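One structure is given below, encoded as structure tokens.
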Amino acid sequence: MADLATPFAVRTAATLRVPDAVKDGPLPLADIAHRCRAEADPLGRVLRFLVHRGMFTEPEHDVFGPNDASEALRSDLDDGPQPWLDLDGAVGRADLAFVELIEQVRGRHPAYPAAFGRSFWEDLAHNPQLSDSFDALMETKTYGIAPLIAVAHDWSAYGRIADVGGGKGVLLAEILRANPKARGILVDLTGPARSAADYLREQGVGDRSEVVTASFFDPLPIQADAVVVCDVLGDWDDEDATRILENCKRAIAPGGRLLIIELLPDRERMALFTEMDLRMMIYVGGRMRDLDRTQQVAEAAGLAVEDFTPLDNGYAIVECRPER
Ligand SMILES: C[S@@+](CC[C@H](N)C(=O)[O-])C[C@H]1O[C@@H](n2cnc3c(N)ncnc32)[C@H](O)[C@@H]1O
């Protein structure tokens, strides 16, 4: 459990795309190093270590080939793990902040800024490659959950649906496609908002959508019958989550609802939930919440939880109405 060599070796191979390089069969180390733009000697030592941990084969000295474990790390798989492990991408890089876990637990400093000199969100804002990789990961993740969300709630009850912190609009597009009379508003920061207009157009819902570049820490210049915050609150501590919900509440039109969509703990997924909780703490100083704590944050923002719909994938839709 305490070994660090294996995860770092696996991530190094994944980042260099060694599984892609050897996908057609064994290759000499020098060729792999050339294709992966790496130094042959240290790469060979990493690969030999991994062979003895069950990843790659070494049919001859300094010749490495694929096996099932390396194939699972190819970068061209739909929904594969490679982009999450890529040390040059936003999440693989953020995982490196775990070296500061001990200092965060001792209360000395938050992990990510200690590791990288600025917060996760500032890092994304200053680095388009990181920002694009994060948006792409969120997009892939949301493809998996959006169809379930689109059918789990009666969205036809709303004329205008706003997705706040909605990324490039994967969830909003799915909901709008399933509800041809609804209009959509996508709110996010500059980077995701820039991609959202094109994406919503490509999805055939551009004429019913508006993209608004705004921060959810400021009053939102929108009004909607349903305001959605999906996978957003976990990025923030309770105080910030309350501020976000207060701004969302002010954007709800009379009679409207706010829908919080988050992964909630359940007995079968506690390993995933607690891992996500640590990641949120390390990356962004956020936290995962159970239903009680979500309800407390909602109430602090002046919202009453009215309904709760668990989805098959561990997520839930928590429906709130403004209380004051
Ligand atoms: C974890 S992602 C979730 C994206 C999307 N809701 C989904 O489920 O795929 C969090 C989103 O919050 C956005 N975000 C972060 N800070 C924000 C801010 N101050 N105002 C608006 N959006 C923000 C990010 O750009 C990102 O799109």
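For the sequence shown, the UniProt record's numbering assigns the number 1 to the initial residue and increments by one for each residue that follows. Note that beta-carbon positions come from the ideal geometry of N, C-alpha and C, so glycine has one too. All values reported here derive from a predicted model rather than from experimental measurement.
- Closer than 7 Å to some heavy atom of ligand 1: that does not describe the Cβ of residue 88.
- Remark: the C-beta of residue 140 is outside contact range of ligand 1, defined as less than 7 Å to any heavy atom.
- Per the coordinates, the alpha-carbon of residue 20 lies some 16 Å from the alpha-carbon of residue 58.
- In this structure, residue 285 has its CB at a distance of at least 7 Å from all heavy atoms of ligand 1.
- Straight through space, the alpha carbons of residue 179 and residue 155 are spaced by roughly 7 Å.
- In this structure, the C-beta of residue 189 approaches ligand 1 to less than 7 Å from one of its heavy atoms.
- Taking a contact to require three or more Cβ pairs closer than 8 Å, the segment 101 to 112 and the segment 124 to 141 do not qualify as touching.
- Per DSSP, the unbroken alpha helix (DSSP H) holding residue 248 starts and ends at 238 to 250.
- Taking C-beta atoms as the reference points, residue 85 and residue 33 fail to come closer than 8 Å.
- Taken through DSSP and simplified to helix, strand or coil, residue 222 comes out as coil.
- The Cβ-Cβ distance between residue 177 and residue 203 falls below 8 Å.
- Counting of Cβ neighbours within 10 angstroms places residue 266 among the exposed residues, the total staying below 16.
- Counted as a single uninterrupted DSSP element, the stretch harbouring residue 63 is not any alpha helix (DSSP H) but the beta strand (DSSP E) occupying residues 63 to 65.
- For residue 122, the enclosing alpha helix (DSSP H) has its first and last residue at 120 to 126.
- Counting the other Cβ atoms within 10 Å of the Cβ of residue 274 gives fewer than 16, which makes it exposed.
- The C-beta distance from residue 112 to residue 282 rounds to 6 Å, short enough to fall under 8 Å.
- Excluding five sequence positions before and after residue 276, the CB atoms of its chain that fall closer than 8 Å to its own CB belong to 234, 263 and 288, given in chain order.
- When the beta-carbon positions are compared, residue 252 and residue 318 stay at least 8 Å from each other.
- Residue 22 and residue 135 have their C-alpha atoms spaced approximately 28 Å apart.
- Here residue 297 has 238, 241 and 242 as same chain residues with Cβ atoms under 6 Å from its own Cβ, once five neighbours each way along the sequence are excluded.
- Secondary structure in the segment 88 to 157: no beta strand (DSSP E) run of 3 residues or longer lies completely within the stretch.
- In the structure shown, residue 60 falls within a strand segment according to DSSP collapsed to helix, strand and coil.
- Taking C-alpha positions only, residue 301 is separated from residue 83 by approximately 36 Å.
- Counting of Cβ neighbours within 10 angstroms places residue 313 among the exposed residues, the total staying below 16.
- Annotated three-state conformation of residue 42 is helix, per DSSP.
- Using a Cβ distance threshold of 8 Å, residue 50 and residue 10 count as a contacting pair.
- Here residue 198 is exposed: its Cβ has fewer than 16 other Cβ atoms, across all protein chains shown, within 10 Å.
- One thing to note: residue 311 has its Cβ no nearer than 8 Å to the Cβ of residue 161.
- Taking a contact as a CB-CB distance under 8 Å, the pair residue 185 and residue 210 counts as one, their CB atoms being some 5 Å apart.
- Following the DSSP letters along the chain, one finds residue 31 inside the alpha helix (DSSP H) bounded by residues 29 to 35.
- When C-alpha distances from residue 280 are compared across 65, 269, 315 and 231, the shortest belongs to 231.
- Residue state for residue 307 is assigned as strand, using DSSP reduced to three classes.
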